[in-house]
Amino acid sequence: MNKKYDELREKYDTFIYNAYNIDVKNNLLTITFDFEIKGLEKFNPKLIINLDNIKNIDTHIDIEDSIIKNLAFNMGMVEVISYLKSTCSKNLIVNCGYLNPEQINWFKKLYINGLGEFFYNNNIETNADDFINITTNENLKCDICQSKKVLNGQLIPVGGGKDSNVTMEVLKSLKSENTAFIVGPRGATLDSVKVAGYEKDTIIVDRIIDNRLLELNKKGFLNGHTPFSAMLAFLTTFIAYISSKKYVVLSNETSANEANVVGTNINHQYSKSLEFEDDFRYYSNKYLKTGVEYFSFLRPLTELQIAGLFSRYKQYHKIFKSCNVGSKKNEWCCNCSKCLFVYIILSNFLSDDELIDIFGLNLLDKKELEKTFIELIGKGKNKPFDCVGTYDEINFSLSNYLINKKSKNEQLPLLIKKYFEIEYLNDFNKAQEFKNQNYDKLLKSYAKNNLPEKFEVLLKNELKVL
110 MNKKYDELRE KYDTFIYNAY NIDVKNNLLT ITFDFEIKGL EKFNPKLIIN
160 LDNIKNIDTH IDIEDSIIKN LAFNMGMVEV ISYLKSTCSK NLIVNCGYLN
210 PEQINWFKKL YINGLGEFFY NNNIETNADD FINITTNENL KCDICQSKKV
260 LNGQLIPVGG GKDSNVTMEV LKSLKSENTA FIVGPRGATL DSVKVAGYEK
310 DTIIVDRIID NRLLELNKKG FLNGHTPFSA MLAFLTTFIA YISSKKYVVL
360 SNETSANEAN VVGTNINHQY SKSLEFEDDF RYYSNKYLKT GVEYFSFLRP
410 LTELQIAGLF SRYKQYHKIF KSCNVGSKKN EWCCNCSKCL FVYIILSNFL
460 SDDELIDIFG LNLLDKKELE KTFIELIGKG KNKPFDCVGT YDEINFSLSN
510 YLINKKSKNE QLPLLIKKYF EIEYLNDFNK AQEFKNQNYD KLLKSYAKNN
560 LPEKFEVLLK NELKVL
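Residues 110 to 575 (the working numbering) make up the sequence shown, in order.
As structure tokens, this is what we get:
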């Protein structure tokens with residue numbers, strides 16, 4: 110158990126969500142949150158929404174609209190996580206809004222599951238009831254009426270990787286109804302929307318982290334992964350509501366449901382999972398009442414199926430980037446689990462020359478990635494904490510790569526040699542058997558999802574080419 114965790118919870122036992130403020134000025138909508146760790150520090154993170162490219166925006170945004178205020182308040186309940194985790198205070202006092210017992214339990218579940226990776230890496234053992242006690246303001250109890258606003262079209266969040274680029278391409282027949290959405294613009298996201306034809310139809314949001322949190326991190330306070338995609342769920346619903354969009358169309362795949370630590374529900378991608386998607390849809394329908402529908406367009410698909418579709422969209426191959434380490438420089442770092450995973454999954458559909466043209470080198474021939482490689486194939490302590498596919502998808506891809514190389518009598522890269530020895534004891538027939546057993550499951554499956562019918566038709570039509 111982490112001694113620092115216990116000490117910080119005792120010394121700084123109360124976190125306060127004091128207020129949120131909505132302001133519109135110079136065509137920028139700013140939401141500022143007021144947080145406080147009692148006896149330690151105050152924080153004022155911000156979300157700055159550029160309204161320039163919102164075509165269907167109300168002529169005047171009523172910042173006193175109860176739905177807008179409710180959305181902003183709830184966004185603060187998610188933003189709290191990034192700041193509360195530094196001390197893991199026992200008590201969260203919410204002065205600026207009311208949550209009923211069901212809502213409180215909803216956020217407790219989000220906090221405990223969304224911080225699963227954080228708890229694991231910091232050696233913290235806890236549960237939803239022990240971790241946090243949430244008290245809200247009974248005086249601010251009010252009923253939110255269902256919105257009667259007419260909504261139409263899609264808001265498509267774009268992250269600059271292969272997944273959201275696939276979504277934009279498959280939904281191009283609806284382009285006149287689509288608007289792209291970016292949080293924290295960078296090279297890959299801006300290039301992606303430009304190639305997709307949304308350069309002048311993209312809503313951009315800047316998320317401003319309070320520097321005082323970064324200072325606490327430098328001083329050794331608790332730090333780690335938080336469920337950013339949960340914030341994205343509330344934020345995109347807010348954007349869709351003010352821009353009169355009916356659907357928020359995510360690009361999370363079925364592979365995001367797999368835990369990183371076998372035998373647990375510790376999942377780096379928890380807030381990208383179907384479980385969270387279902388929970389958020391329930392919460393949004395009952396407590397946000399915007400009329401906006403949130404779902405993941407790629408939920409029925411595996412990473413392999415998505416990679417197969419993406420391999421056909423050559424116009425994105427030199428501009429997409431999925432590497433978190435290299436994101437600020439808009440490059441593949443070629444040293445992390447995400448880079449190696451993307452290389453492996455695309456190897457099913459692209460040649461070595463095509464992959465080297467994207468990454469600059471053959472990552473399967475890089476000895477420095479051996480430890481990461483071992484973790485990806487399921488022979489390490491846990492799957493790397495990054496947005497990577499399932500063990501089966503990774504092993505299928507490597508088996509396929511091995512089979513293709515052996516059938517052509519070509520030299521095996523270093524990590525593939527290692528894989529052949531570890532996984533199949535140099536028995537080629539076992540590799541072929543594994544591929545055959547998993548082909549339909551990974552390349553022909555169609556998983557449980559929340560797609561409205563018109564989107565399902567478009568996706569299934571596109572899948573016919575695989």
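C-beta atoms are modelled at their ideal positions from N, C-alpha and C, and glycine is treated no differently.
Check: Close Cβ partners of Lys257 (< 7 Å) along its chain, the five nearest in sequence each way excluded; Outcome: none
Check: Cβ-Cβ separation, Thr245 to Tyr207 (assumed contact under 8 Å), whole Å; Outcome: 5 Å
Check: Pick from Glu308, Ser282, Asn287 and Lys281 that is closest to Pro294, judged by C-alpha positions; Outcome: Glu308
Check: Of the residues Leu572, Glu542, Lys303 and Glu119, the one placed nearest Ile419, counting alpha carbons only; Outcome: Note on identity: in this sequence residue 419 is Phe, with Ile being the wrong assignment. Comparing Cα positions, the closest option is Leu572.
Check: Local Cβ density within 10 Å of Asp387, reported as buried at 16 or more and exposed below that; Outcome: exposed
Check: Asn231 versus Leu117: straight-line alpha-carbon distance, rounded; Outcome: 13 Å
Check: 8 Å contact criterion, which Ala416 and Ile454 should meet: CB distance rounded; Outcome: 5 Å
Check: Proximity below 8 Å, CB of Tyr356 to CB of Leu264; Outcome: yes
Check: For Cys432, the nearest candidate out of Ile190, His426, Tyr425 and Trp441 (CA to CA); Outcome: Trp441
Check: N- and C-terminal bounds of the alpha helix (DSSP H) containing Asp315; Outcome: From DSSP, Asp315 is part of no alpha helix (DSSP H) but of the beta strand (DSSP E) over Thr311 to Ile317.
Check: Meets three-Cβ-pair contact criterion under 8 Å: the region 464 to 482 and the region 364 to 382; Outcome: no
Check: Cβ-based neighbour list, Asp272, same chain, cut-off 7 Å, excluding 5 preceding and 5 following; Outcome: Ser360, Glu362, Leu407 and Ile415
Check: Below-8 Å beta-carbon distance, Asp536 vs any chain C residue; Outcome: The chain inventory of the structure shown lacks chain C, comprising one protein chain alone.
Check: Identified DSSP bridge partners for Gln255; Outcome: Per DSSP, none; premise fails for Gln255.
Check: Of the residues Ala342, Asn439 and Asn261, the one placed nearest Tyr391, counting alpha carbons only; Outcome: Ala342
Check: Bridge partners - Ser405, DSSP secondary structure assignment; Outcome: Leu359
Check: Residue interval of the beta strand (DSSP E) (run including Ile233); Outcome: Segment: none, Ile233 is in no beta strand (DSSP E) and carries neither H nor E.
Check: Residue burial classification, Tyr229 (beta-carbon count within 10 angstroms, cutoff 16); Outcome: buried
Check: Where the alpha helix (DSSP H) containing Val434 begins and where it ends; Outcome: Careful: Val434 lies outside any alpha helix (DSSP H) and carries neither H nor E.
Check: Run of the alpha helix (DSSP H) containing Thr345, from where it starts to where it stops; Outcome: Phe337 to Ile351
Check: Inter-residue spacing [alpha-carbon to alpha-carbon] between Cys443 and Lys475; Outcome: 9 Å
Check: Counted within 10 angstroms of its Cβ, other Cβ atoms place Asp300 as buried (16 or more) or exposed; Outcome: buried
Check: Phe69 burial status per 10 Å Cβ neighbour count (16 or more: buried); Outcome: This structure gives no information on residue 69, because the portion of the chain shown stretches from 110 to 575.
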